[in-house]
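Student: Numbering (the numbering used here), first residue to last: 1 to 345.
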Amino acid sequence: MASFLHLSEEATRKAFRTALREWFAREQRDLPWRRERTVYRTVVSEFMLQQTRVASMLPSYARWMEAFPDFSALAKAPEEVVMKHWEGLGYYNRARNLHRLSKILATHRGPFPKDLDFWLALPGIGPYTASAISSIALGGVATCVDGNVVRILARLDAEEKTFTNSGEAVQFFRQAAEELLDKEHPGVYNEALMELGATVCHRRKPACMLCPVRAFCRSGLEGKAEGIPAIGRKKTVRLEHRLAWWVVEGKVLLRGPGEGRSRLGTLYEIPRWEEIFAEPPPTEGKAPRQVRHITHHHITEYLYQPGAEKKLSDNLGPEFRWVPLSALPELPFSGPHRRWVERCL
Ligand code: SF4
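(1) Note down, one range per segment and in chain order, each alpha helix (DSSP H) of at least 4 residues found wholly within the region 95-172.
(2) Below 8 angstroms between beta carbons: does that hold for A142 and P186?
(3) Which residues have their C-beta within less than 7 angstroms of a heavy atom of the ligand SF4, listed in chain order?
(4) So the alpha helix (DSSP H) P186 belongs to, where does it begin and stop?
(5) Is the Cβ-Cβ distance between V188 and R21 less than 8 angstroms?
(6) Exposed or buried, which one is L210 when buried takes at least 16 other CB atoms within 10 Å?
(7) Determine the DSSP secondary structure at A225, reduced to helix, strand or coil.
(8) With distances taken Cα to Cα, identify the nearest neighbour of T266 among K14, F333, S45 and A11.
(9) Under 8 angstroms by Cβ, that's how I've got L105 and F68 pegged, so tell me the actual separation to the nearest angstrom.
(10) Would DSSP call F216 helix, strand or coil?
(11) Classify A327 as buried or exposed, calling it buried when 16 or more other Cβ atoms lie within 10 Å of its own Cβ.
(12) Quick check on A236: does DSSP put it in helix, strand or coil?
(13) Mind checking which residues open and close the beta strand (DSSP E) that includes R53?
(14) Out of Y302, L138, R13 and R151, point me to the one whose CA is closest to E240's CA.
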C-alpha cells in the first residue's frame, strides 16, 4: 500500500491539486462531452473510452449522439442497430451493456444519485467507471484509479516495486489516490489527472518538462520516469485463423448472431474455414492477410475464396446464413471483418 511521504502535508497536497486544476482549466482538450455536461453524455463517453483512445472514438461518439441523444432513445433502439453504431470501437460487450443500462435508466425518476452503489449495480460498470460518472457528472466525492492514474501516482513517488499485473498496482495505490483526491472539486480533479496521463505523463517518453506537477514528482525531478511503474505483462499468444469468403450466386455465407457467442453476440463475421467445410483449410499459396490484436492475442487472419463446388460441412449450425452481397453495408461487423468485407466488395 503506497503512501506519499513527500505529499503527506495537507498544504503540499493542496498546492499539488491547485497546480493540476489550474493547468486543466488552461490546457484541457476541447472534447464534445465536456461542452455540454450531462449524465448520459458522461456515461457514453466513459463506456467508449474503456480500451479505446479519444482520437479513435470521436467519430463514433458524434454518430452515436445523433442516433441516440439520450437514455430513452438508446433504450428503444433494436440491438442490431445499436451494434451497427458501435462498429469500429471493438469490445462489443460494452455496447451491449450500455444498451441494457439505458433500459434501466430510461425509466429512472428524479435526479440520478451520486451514490457509487447505485452505479455499480448497473451492467458494465466497475469501480473506475462508477467513480468517474459520480464525480464528473454529479459532483460525487469518489476516486478514479486506473492504469493512467496508477502511472502518475507511481511516478510521483518514484515507486520501484514490480507489480505482477495492473490489478495489483491499482490496489497498491488506491489508498494514496484517495488521500490525494481533491474533495472540493472531485470531478475536475479526476478528469485533470486522466488528462495529464493522456497528454503529458505518457507511458513512453513522458513530457516532464511541460508537466504542471513536476515540482511534486520524484521521478520527474530525478529524470527516471520512463519504466515506472514496472508491471509484468501477459505473454503474447500468436494465433492463425483461415477465413472463407464463399460467394455463390451473389450471396456470401456468413456467421450471424446466434447462441453461445457471448463475445460477438449480435455481430456478423466471415466464418473460419473449418466451421463450414469438412475438409481442412489450405495451408499453401498466397492469401491476403490481416493482423488483429485482442488484449494479449496476436491474430493473423488469412482470407480464402473457395470455388462454388465446395461441399459444406454436415454440422453447420443455424447461425450460418446466406446473405446477399448488396445487404452487407447495412449489417453490423466487427472492425477487422468490416475491413475484409470492404476489401472483398
Ligand atoms: Fe509524469 Fe513527468 Fe509529470 Fe512526473 S513530472 S507526473 S513523471 S509527466
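C-beta: ideal position from N, C-alpha, C; glycine also.
Tutor: According to the structure shown:
(1) 116-120, 127-132 and 147-156
(2) yes
(3) I152, R155, L156, L196, V200, C201, P206, A207, C208, C211, V213, R214, C217, S219, G220 and A225
(4) P186 to T199
(5) yes
(6) exposed
(7) coil
(8) F333
(9) With 8 angstroms as the limit, L105 and F68 do not qualify as a contact, their Cβ atoms being about 12 angstroms apart.
(10) helix
(11) exposed
(12) It is Thr, not Ala, that sits at residue 236 in the sequence shown. It is coil, neither helix nor strand.
(13) Neither: R53 is in no beta strand (DSSP E) and is coded neither H nor E.
(14) Y302
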